[in-house]
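In our numbering, the protein residues as written are 42 to 123.
Taking it in order: structure first as structure tokens, then the write-up.
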């Protein structure tokens, strides 16, 4: 199983969108500075997830969200899941 996730950093007041097959491991990697792009925003918290049968499907959804380039769209996704 794969997932698309949205992380939030209070420190930066920013969201990060990604896709993976193990969300717990990936969050850990983000929070230990494994990813250069997200290392300045530690700590990150998961605020949204969508699950898919395979990684290619999750990657397509990740790109769809990123192409929106909209904080408002991301926040609407998060609110719709609550």
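In this text, a Cβ means the ideal position worked out from N, Cα and C, and glycines have one as well.
| Item | Value |
| --- | --- |
| Between the beta-carbon of residue 82 and the beta-carbon of residue 50, is there less than 9 Å? | yes |
| For residue 78, which residues from the same chain have a beta carbon less than 8 Å from its beta carbon, with the 5 sequence-adjacent residues on both sides left out? | 57 |
| Can you give me the Cβ contacts of residue 112 inside the same chain, cut-off strictly under 8 Å, excluding the 5 residues immediately before and after it? | 56 |
| Rank 42, 59, 119 by C-alpha distance to the C-alpha of residue 108 and give the top, closest one. | 59 |
| Taking the alpha helix (DSSP H) that residue 83 belongs to, which residues open and close that run? | No alpha helix (DSSP H) holds residue 83; DSSP gives it neither H nor E. |
| Exposed or buried, residue 73, counting other C-beta atoms within 10 Å across all chains shown (16 or more means buried)? | exposed |
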